Amino acid sequence: MVKNPVYEMVRNSFAHAGMDREHWGTKHWNPLGVYIHPGDTVLIKPNWVENKNKNSAVHDNLQCLVTNPSVVRVIIDYALIALNDTGRLIVGDAPMQSCDLEEMFQITGYNKLWDFYNRQNVTLEIADLRKYRTKDISRGVLSEPIFNDAAKAINVDLASHSMHADKDTDHPQYKVTDYLQTDTQDYHNGGKHIYEVNKLALQADVIINVPKPKTHRLAGMTAAVKNFVGITYEKASLPHRIEGDVQTGKGDAYNKRSVWKEWMHFFDEKRTANAITRHYRYARVNDLMMKACYVMGALITKDHYRIGSWYGNDTIWRTAVDLNYILNYADNNGIIKDIKQRTILTIGDMIVCGEKEGPVGPTPKPLSMIMIADNCLAFDRIMCRIMGFDENRIGHLHHPDVPTRFGYQNWCELESENVWIDGTLNGTIAEFEGRKEWAFEPYSTWKGHIEK
1210 MVKNPVYEMV RNSFAHAGMD REHWGTKHWN PLGVYIHPGD TVLIKPNWVE NKNKNSAVHD
1270 NLQCLVTNPS VVRVIIDYAL IALNDTGRLI VGDAPMQSCD LEEMFQITGY NKLWDFYNRQ
1330 NVTLEIADLR KYRTKDISRG VLSEPIFNDA AKAINVDLAS HSMHADKDTD HPQYKVTDYL
1390 QTDTQDYHNG GKHIYEVNKL ALQADVIINV PKPKTHRLAG MTAAVKNFVG ITYEKASLPH
1450 RIEGDVQTGK GDAYNKRSVW KEWMHFFDEK RTANAITRHY RYARVNDLMM KACYVMGALI
1510 TKDHYRIGSW YGNDTIWRTA VDLNYILNYA DNNGIIKDIK QRTILTIGDM IVCGEKEGPV
1570 GPTPKPLSMI MIADNCLAFD RIMCRIMGFD ENRIGHLHHP DVPTRFGYQN WCELESENVW
1630 IDGTLNGTIA EFEGRKEWAF EPYSTWKGHI EK
């Protein structure tokens, strides 16, 4: 029999968390039974962001990039026990549009996992939650979309409940790289804040969130909260930045005002439009013009920030919080209710995390940990301290309006939650401190601004 240390690590984590303690060690042990009930629809949500690590030093090393399939296998096994031959079990994510899922499955071993369950006659739904995928055919120019036939979407309008709502009077120009700004503006303007999410996420009674914690160029860090960006069907509905500069208050794409960077944005839009209409030659020309304008802008202003990839990004974390609010409070039809609509459990794959140029070019950061939390915000608060970062410099971990989106009255209530390590009480979140050897090296444009 081949040993699977990852399987044992996750299984022991369930035991240390006291899940179904009275049946531990017996054939009746059902650790996920307190969360999953027979007849439920369960969505397991890993992180499948990309099929290539853009860090050339570890190009085919996806251990620090995507969720380990051995972690997912444990969750599937015990979800099946809890469902007891009933309900529906889905494993799905919406990776980047350029991600080749089949290649990623091949590299990481997910294809072997699917084959294993097929041989056992176990019915799993493997879902690509994206509207479409593309290929990066040349120098940053994306190919024609390949649409997912089975995917369907639900539009959820958070309106004044959105974390973006307090900027409505400024008429921000929201932008997502590789999507037309006009498309994003159709979702977010005039007091409306619409997210086009995959219906499978809202059909779920239970969601098992399985993030791969990493540093992040836009958000500083990505863990449980930001992993739910992957429930989105139409990624144009996800504001990543506000176009313009911080200096004049126009946006947060970069710091100092620059006419050259305004031209950079112009050519970026042209490039995207050309790619959509399959005018690839023009797209490549506009891609070169965009990069040339960036270089000129950076040389003149000494501001090397662009596309919101820096510590001044005040947009992406709001988007992530909005999506968590939707999962917590939107019903199956996308209508926001006053009480939580589904159970969410986070099981973090921290066996090998990612540091430095995350999320798509990270360097492996081995921690050999599994962390379990029944609240995504609590998970991220702890993860931030493990990384050695200051939560007061990360938007979703200090803004006063965030805790209520996750069921807490305020930050003090969250900080009073207990922390357990290997089954032993380690105090509260307020008392928890990370260790020096755990600390992550931040993304380059966050260095000196995020560390504790």
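Position 329 of the sequence shown, counting from 1, maps to 1538 under the working numbering, and the rest follow consecutively.
Virtual Cβ for every residue (Gly too), placed ideally from N, Cα, C.
A quick note: this is a predicted structure, and the numbers were derived from the prediction, not measured.
Determine the closest residue to residue i out of the options, with distance taken between C-alpha atoms.
{"i": "Ile1299", "options": "Met1498, Leu1338, Ser1307, Tyr1489", "result": "Leu1338"}
{"i": "His1246", "options": "Phe1223, Gly1296, Glu1259, Leu1310", "result": "Gly1296"}
{"i": "Asp1379", "options": "Ile1451, Glu1478, Gln1390, Asn1584", "result": "Ile1451"}
{"i": "Asn1495", "options": "Lys1263, Ala1507, Leu1606, Phe1475", "result": "Phe1475"}
{"i": "Arg1590", "options": "Tyr1383, His1237, Leu1606, His1268", "result": "Leu1606"}
{"i": "Pro1571", "options": "Asp1523, Phe1649, Cys1593", "result": "Phe1649"}
{"i": "Ile1440", "options": "Gly1453, Gln1456, Ile1417", "result": "Ile1417"}
{"i": "Gly1227", "options": "Ile1659, Thr1633, His1658, Asp1345", "result": "Thr1633"}
{"i": "Met1473", "options": "Trp1233, Tyr1514, Thr1486", "result": "Tyr1514"}
{"i": "Leu1274", "options": "His1425, His1488, Ala1484", "result": "His1425"}
{"i": "Lys1340", "options": "Phe1356, Tyr1326, Arg1328, Leu1351", "result": "Phe1356"}
{"i": "Glu1624", "options": "Asp1229, Ala1303, Val1243, Glu1600", "result": "Glu1600"}
{"i": "Glu1311", "options": "Tyr1491, Ala1336, Ala1291, Asn1330", "result": "Ala1336"}
{"i": "Thr1317", "options": "Thr1332, Asp1294, Ser1307, Asn1260", "result": "Asn1260"}
{"i": "Ala1410", "options": "Asn1327, Val1331, Pro1255", "result": "Pro1255"}
Taking buried to mean at least 16 other C-beta atoms within 10 Å of its own C-beta, is residue i buried or exposed?
{"i": "Asn1619", "result": "exposed"}
{"i": "Lys1423", "result": "buried"}
{"i": "Val1655", "result": "The sequence given here has Trp at residue 1655, not Val. The residue is buried, with at least 16 neighbouring Cβ atoms inside 10 Å."}
{"i": "Asn1262", "result": "buried"}
{"i": "Asp1249", "result": "buried"}
{"i": "Leu1292", "result": "buried"}
Helix, strand or coil for residue i per DSSP?
{"i": "Leu1292", "result": "helix"}
{"i": "Asn1264", "result": "coil"}
{"i": "Arg1602", "result": "helix"}
{"i": "Ile1245", "result": "coil"}
{"i": "Met1498", "result": "helix"}
{"i": "Lys1470", "result": "helix"}
{"i": "His1513", "result": "coil"}
{"i": "Ala1229", "result": "According to the sequence provided, residue 1229 is Asp. The question's Ala does not apply to it. Asp1229: coil per DSSP, three-state reduction."}
{"i": "Ile1363", "result": "strand"}
{"i": "Ala1445", "result": "helix"}
{"i": "Met1430", "result": "strand"}
{"i": "Thr1654", "result": "helix"}
Do residue j and residue i come within 9 angstroms of each other at the CB atom, strictly closer than that value?
{"i": "Ala1428", "j": "Phe1588", "result": "no"}
{"i": "Thr1528", "j": "Pro1448", "result": "yes"}
{"i": "Gln1272", "j": "Ile1595", "result": "no"}
{"i": "Ile1556", "j": "Ser1279", "result": "no"}
{"i": "Val1283", "j": "Tyr1216", "result": "yes"}
{"i": "Gln1394", "j": "Gln1412", "result": "no"}
{"i": "Val1628", "j": "Glu1640", "result": "yes"}
{"i": "Lys1155", "j": "Gly1597", "result": "An answer regarding residue 1155 cannot be provided, because it is not within the stretch 1210 to 1661 covered by the chain."}
{"i": "Leu1241", "j": "Ala1288", "result": "yes"}
{"i": "Tyr1442", "j": "Lys1565", "result": "no"}
{"i": "Val1434", "j": "Val1406", "result": "no"}
{"i": "Tyr1319", "j": "Val1267", "result": "no"}
{"i": "Val1693", "j": "Ala1484", "result": "Nothing about residue 1693 can be read from this structure; the chain reaches only from 1210 to 1661."}
{"i": "Trp1469", "j": "Met1430", "result": "no"}
{"i": "Cys1585", "j": "Phe1615", "result": "yes"}
{"i": "Lys1401", "j": "Ile1363", "result": "no"}
Any contact of the segment 1235-1243 with the segment 1532-1541, i.e. 3+ C-beta pairs under 8 angstroms? no
Examine the Cβ distances between the segment 1517-1526 and the segment 1359-1371 and report whether three or more of them are shorter than 8 angstroms. no
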